[in-house]
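Okay, structure first, notes after.
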Amino acid sequence: MIADIHETYTMSHVITKPTALIALGLLAFAAAASAEDLELKVEANRTQVYLGESFILNVTLSGSSHPAAPDLSRLRNCSIKPLGSRDISNYSITIINGRMMKEGFSGRISSYEITPTVAGKLQVGPISVTVDGRPLSEPGPVVTVTDIKKQDRVIISVTSSRDTALIDEPFDITLRILIRRLEGSFANIDPLFTDNPPDLSAPYLSGEGLTGLTAPDLRRILQDRLVSDRNQPGLAINNLTLAPDPFDFNSLFGNMTGQSRKAKFMLNRRLVEQDGLSFIEYSLTLTFTPRDENNYVFGPVVFKGAVPVEVDAQGKARGAPVFAVGPACTVRIVPPPEEGRPSLFTGALGTNLTAAASLDAVAGNVGDPLKLTLTLSGEIRFDKMLPPKLSLQTNIVQHFTVYDNTVQTVKRDNQRQYIYTLRPNHAGAFDLAPIEIPFYDTQERRYKTVSTLPIPLQVKRGTEVTASHVIGNTNHLQERKKESSMVETTPAAIRHGTDGANPGALMGRPWTLAAGAAGPTVYLLVILAGLVQQHRGQWKRARQRRHALNHALRHMRAVNRLARHDPARAGQAIRTAICCFMADRLDAPASGLTPADVRQYLEPAGISPDTIQAVILIFERYFNAGFSHQSQANDLAEDCITTQKLMKTIDRECR
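930 is the number of the first residue of the sequence shown in our numbering; add one for each residue after it.
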């Protein structure tokens, strides 16, 4: 059976040129994009912040990828830090049974870090942008800004080792809590009440908001820092409580009265000086690895509770309530920079990329399909990578026709194999040029390119197949016998007398003498014979053009009968019938004809674009089936009918 061809190709900003096969689809996209409605969207990644915190504002312009700068001049009571912009245009083509489905969008997103300077309701807008003389405006979101009472008893901070990171690029988040030291002999004692630890709210320590990140084992980390002795100081985190201990009567009694016991945790401890004051610092550093592009918020961290501020002569501590907030930090996971990005880049991120290429044959004929296997290995994020577009590499397409649409992907750990189909387009001894694979090195933070080794190839010119060969090998056996009988030569009889063979006289026959006397007549006949010989090829081509449709329709009827018991051969015969029809009607080569070649012969003949596209879709279907590893299941009867109608249309429209 003939397989359904179901391939999806995505052309985002990392791909700058289309392949020949899907060029028509991309032109349609360009037209759709130009007609696409412009839309401006303004979003904040947080709707509530504390005074002193920042949030990310994303301004998305859909329907255009032009880098039009948004106007934020009407924002008040905040500071603005531009974080850059990037193209988020994305197009895809899905081909199912030769039918092309197109979808996609164009757009650009600009990001800003907004830091409110006044408490209350902050209207983040209006924000406007002008595209091709057309103004767009959005009122923007409303963010609630909460003030915090100033104090220097407890200071909290949440910091990141990176403001931005790439996928698979780890970063550290450090929580620091500074509590003022007591004076005198109590200076080295933890300024915490053992029976009433302050409450610390840190959502990211419970796994909140970590979707798309590989996080450490938070449960194990907190378990290792759990304070088991009730008489030891610590911090209560995220309202975690302890299960009752059957050997601890105080714990059991508290549980029976409905009171749960707070779990206390001790973080890394050290003495620090800041702004001329002495503190005891409690800190915790965690490492995260991003798996998806996003804005990840860590915090805010809120501290609520009483801390000792002084100790009297009897050793009794006096406490004071404290409310402190550690502003959240945001880490943006971004794609590689647009600046310096190679046109061949298809999304490979990582380190130590290696590339190797091999062909299933190093000798063949012009037009013969060759299987190219490209093997990529290394510490690379392959699931974010598209197959390399060989049709964009000019050193390859000058010798080969490349079919990026039939690429197959073999997935292995730390490795990908991409299997392409190539067809040599001229004879000679030449190399399959090195294949260039750009990638972004996440360690060195720059683009690099690796290349395969060249592969020498010997290509011969193949035998051209004409329509008469195809028809002669299907169902016209009688015509072949007739042609065979016409070219047989019968030897002339030799007469023998009593003296052996009779010698012939050169000038002894009367008709020979008459021919000699008629010199001018013979000369004219010779001239006429020369003209016939000179134009015989043209007359033959004209006869082929006149009978091209009839021959093709007879062949298609034979294909229809063949489809009942051998669908695979019938599919190949449909492709052959189209090749031979175009050879007879349009002087196209019957062998080595590709989907891209079909357009080159139909357009100059004045065939309508709709007819051209329909022919390419059917031809491409059975062309791909000739060297696809998939099984096919098409409606051959319907395709035969459609092909015959298209042949009649071409014959009628052809000038």
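Glycine included, every Cβ here is placed at the ideal spot set by N, Cα and C.
Under the three-state DSSP convention, the category residue i falls into
{"i": "K1313", "result": "helix"}
{"i": "L1299", "result": "strand"}
{"i": "N1354", "result": "coil"}
{"i": "F1274", "result": "coil"}
{"i": "G1205", "result": "coil"}
{"i": "N974", "result": "coil"}
{"i": "I1077", "result": "coil"}
{"i": "A1094", "result": "strand"}
{"i": "S1212", "result": "strand"}
{"i": "D1513", "result": "helix"}
{"i": "S1135", "result": "helix"}
{"i": "T1523", "result": "coil"}
{"i": "S1180", "result": "Its pLDDT being 48, under 50, S1180 is placed unreliably in this model, and the value from its coordinates should be taken loosely. If DSSP states are grouped into helix, strand and coil, S1180 belongs with the helices."}
{"i": "G1113", "result": "helix"}
Member of the options whose CA lies at the smallest distance from the CA of residue i
{"i": "D1150", "options": "G1141, P1162, D1158, I1166", "result": "Per the sequence shown, the amino acid found at residue 1150 is Ile instead of Asp. Per the Cα distances, I1166."}
{"i": "S1380", "options": "N1281, Q1327, V1336", "result": "N1281"}
{"i": "L1095", "options": "P1219, P1496, D1081", "result": "P1219"}
{"i": "Q1042", "options": "G1036, V988, E1067, D1076", "result": "The amino acid at residue 1042 is misidentified as Gln; the sequence shows Glu. If we check each option's Cα against that of E1042, V988 comes out closest."}
{"i": "Q1203", "options": "N1168, L1001, R1109", "result": "R1109"}
{"i": "L1142", "options": "P1271, N1324, L1215", "result": "L1215"}
{"i": "V1238", "options": "G1244, F1232, V1230, G1248", "result": "G1248"}
{"i": "V1083", "options": "Q1529, R1345, A1172, L1206", "result": "L1206"}
{"i": "P1126", "options": "N1160, T1093, A1116", "result": "N1160"}
{"i": "K1389", "options": "D1146, R1352, I1118", "result": "R1352"}
{"i": "G1244", "options": "F1115, T1330, L1200", "result": "F1115"}
{"i": "S1002", "options": "V1053, T1323, R1470", "result": "V1053"}
{"i": "Y1332", "options": "Y1133, N1324, K1300, H1355", "result": "K1300"}
{"i": "P1132", "options": "S1157, Q1152, N1168, F1122", "result": "N1168"}
{"i": "F984", "options": "T1046, E968, N1334", "result": "T1046"}
Proximity of residue i and residue j at Cβ, strictly below 8 Å
{"i": "P1261", "j": "L986", "result": "Looking at the sequence itself, residue 1261 is Arg, so the reference to Pro does not match. Cβ atoms of R1261 and L986: not closer than 8 Å."}
{"i": "G1296", "j": "D1097", "result": "no"}
{"i": "Q1080", "j": "V1251", "result": "yes"}
{"i": "E1222", "j": "V1263", "result": "yes"}
{"i": "L1111", "j": "V1240", "result": "yes"}
{"i": "T1572", "j": "M1485", "result": "yes"}
{"i": "G1255", "j": "S1035", "result": "no"}
{"i": "I1009", "j": "R1037", "result": "no"}
{"i": "P1317", "j": "L1386", "result": "no"}
{"i": "N1224", "j": "Y1211", "result": "no"}
{"i": "L1171", "j": "R1190", "result": "yes"}
{"i": "A1000", "j": "S1057", "result": "Before going on, a small fix: residue 1000 reads as Asp here, not Ala. Closer than 8 Å, so yes."}
{"i": "D1568", "j": "I1547", "result": "yes"}
{"i": "G1357", "j": "K1313", "result": "no"}
{"i": "F1232", "j": "I1106", "result": "yes"}
{"i": "V1527", "j": "L1575", "result": "no"}
{"i": "A997", "j": "T1059", "result": "yes"}
{"i": "F1227", "j": "I1102", "result": "yes"}
Presumed contact (8 Å Cβ cut-off) between residue i and residue j, rounded CB distance
{"i": "I1348", "j": "A1286", "result": "Rounded, the Cβ-Cβ distance is 11 Å, inconsistent with contact."}
{"i": "S1014", "j": "S993", "result": "That belief does not hold up - the Cβ atoms of S1014 and S993 are roughly 12 Å apart, past 8 Å."}
{"i": "S1130", "j": "V1230", "result": "7 Å"}
Neighbourhood of residue i by C-beta, 7 Å cutoff - its chain only, sequence neighbours within 5 removed
{"i": "D1513", "result": "A1396, Q1473, R1474, A1477, H1480"}
{"i": "T1578", "result": "T1540"}
{"i": "T1073", "result": "T976, Q977, K1050"}
{"i": "D1119", "result": "P1162, I1209"}
{"i": "P1383", "result": "D1360, L1361, A1362, P1363"}
{"i": "T1371", "result": "L1095, D1097, E1098, L1278, G1279, T1280"}
{"i": "F1100", "result": "S1089, S1090, R1091, A1094, F1217, V1260"}
{"i": "R1498", "result": "L1491"}
{"i": "Y1530", "result": "M1511, L1515, A1517"}
Cβ shell of residue i (< 6 Å), same chain only, five flanking positions each side left out
{"i": "R1345", "result": "L1305, F1311"}
{"i": "Y1369", "result": "P1265, L1278, Y1376"}
{"i": "K1340", "result": "none"}
{"i": "G1234", "result": "P1127, D1128"}
{"i": "N1354", "result": "T1330"}
Interface flag, residue i vs chain D, CB-CB below 8 Å
{"i": "A1512", "result": "No chain D is present in this structure, which holds just one protein chain."}
Beta-carbon proximity list for residue i, same chain, < 8 Å, skipping 5 on both sides
{"i": "G1269", "result": "R1375, Y1376"}
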